[in-house]
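Q: Below you will find the structure I want to go over with you.
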Amino acid sequence: MARSNQSTPAPAPKPKKRRWYHQIWDVFQMTRKADPSVPWLMLAILLGAIAVGVVVGLLVNDGAMLWYFVVLAVPFGVLGATFLLSRRAERAAYSRIEGQPGAASAALGTIRRGWNLEEQPVAIDQRTQTMVFRAVGRPGVVLVGDGGSRGSQQRLLEQERKRTTRLVPDVPVHLVQCGREEGQVPLPQLAAAVRKHKKAITTAEVAVVTKRLAALGKIKMPVPKGVDPLRARPDRKGMRGR
């Protein structure tokens, strides 16, 4: 009986499992490209922590205690350097998406629980490419303008405020402009600016308001997918070890 000349294809190699330190390294590489001073600042923090340990050990005036404080200072130095990397990585991520259509939506996506966010714009001016995104939380309804000029954002925000007020007349409506012009909120500070408004409605009312506003419909316009500053930040669980 003739043997078949067809050979069995070799199984595809399994992808290597990415661990927490791989994620930290990727974040470090990305941040270093955007901010070359990061490695030196991290090293300075680590050496500074060690120097503090040496000083404390010398003040205790005990040779054995000197090494104890030096060893104790190393984890604090690593923690400080990691915190710096996290902050600089976040800044680098925002700088990469700032100015792109839908960047405000990505920044709003970093807001934690308690808010209902619309990923797609609820209003848009095709001529100026100005968009309005909506967030509903305990402070009420927050409308965020993105793109275009300050004037075009203000006009579109006012139009959307009127539409929103007709549907939920007793709910506060806040307007926030995202940008670098005077009176606008820079993209890295957008999430904090939305959260800082005082609470005015209950959690149950947030759900009711969200359902009512859904009747306004959504604007079907593509916005950048996968643009999320959080993805460029170090894995906090990974940094602590698993």
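With this note's numbering, letter number 12 in the sequence shown gets 103, and the count goes up by one each step, no holes.
Beta carbons are placed, not taken as given, at the ideal position from N, Cα and C, and that holds for glycine.
For I188, does the three-state DSSP call read helix, strand or coil?
A: The answer is helix: DSSP assigns I188 an H, G or I state.
Q: Please name the residue in A305, T301 and Q275 whose C-alpha comes closest to that of W206.
A: It is T301 whose Cα lies nearest to the Cα of W206.
Q: Give the secondary structure of G205 by DSSP, where H, G and I count as helix, E and B as strand, and everything else as coil.
A: Three-state DSSP puts G205 in coil, outside helix and strand.
Q: Taking F167 and G148 to be in contact with their CB atoms under 8 Å, please state how far apart those CB atoms are, rounded to whole angstroms.
A: About 14 Å; that fails the 8 Å criterion.
Q: Would you kindly work out how many angstroms separate the C-alpha atoms of A180 and T122, rounded to a whole number?
A: Whole-angstrom Cα-Cα distance: 5 Å.
Q: Who are the Cβ neighbours of V232 in its own chain at under 8 Å, not counting the five residues just before and after it?
A: Cβ within range, chain order: R225, A226, T255, V259, V262, P263, V264, H265, V300 and L304.
Q: Taking DSSP as the reference, what is the three-state secondary structure of G148?
A: Looking at G148 - three-state DSSP - the assignment turns out to be helix.
Q: Would you give the residue range spanned by the beta strand (DSSP E) that A214 belongs to?
A: A214 -> beta strand (DSSP E) spans A214 to D216.
Q: Thinking C-alpha only, which one of L281, K289 and A291 is nearest S196?
A: Comparing Cα positions, the closest option is L281.
Q: What does the alpha-carbon distance come out to for the pair N152 and L176?
A: Whole-angstrom Cα-Cα distance: 35 Å.
Q: Take the Cβ of P212 as the centre, count every other Cβ of all protein chains shown within 10 Å, and call the residue buried at 16 or more, exposed below.
A: Buried, because 16 or more other Cβ atoms sit within 10 Å of the Cβ of P212.
Q: Whose C-alpha, out of G274, A164 and V267, is nearest the C-alpha of I136?
A: If we check each option's Cα against that of I136, A164 comes out closest.
Q: Cβ atoms of L247 and D194: under 9 Å apart, would you say?
A: It should be noted that the sequence gives Ala, not Asp, for residue 194. No. Outside cutoff.
Q: Quick one: Cα of R110 to Cα of Q268, how far?
A: For R110 and Q268, the distance between alpha carbons rounds to 39 Å.
Q: In the DSSP assignment, find the alpha helix (DSSP H) that holds L248 and state where it starts and stops.
A: Here the alpha helix (DSSP H) through L248 covers R241 to L258.
Q: Considering only residues of the same chain and omitting the five flanking positions on each side of P315, which have a CB-CB separation below 6 Å?
A: Confidence at P315 is low in this model, with a pLDDT of 45, below 50, so the placement of that residue should be treated as unreliable; the coordinate-derived value is given next. Within the same chain, P315 has close Cβ partners Q191 and G193.
Q: Bridge partners for H265 per DSSP, in chain order?
A: DSSP output for H265 lists V233 as bridge partner(s).
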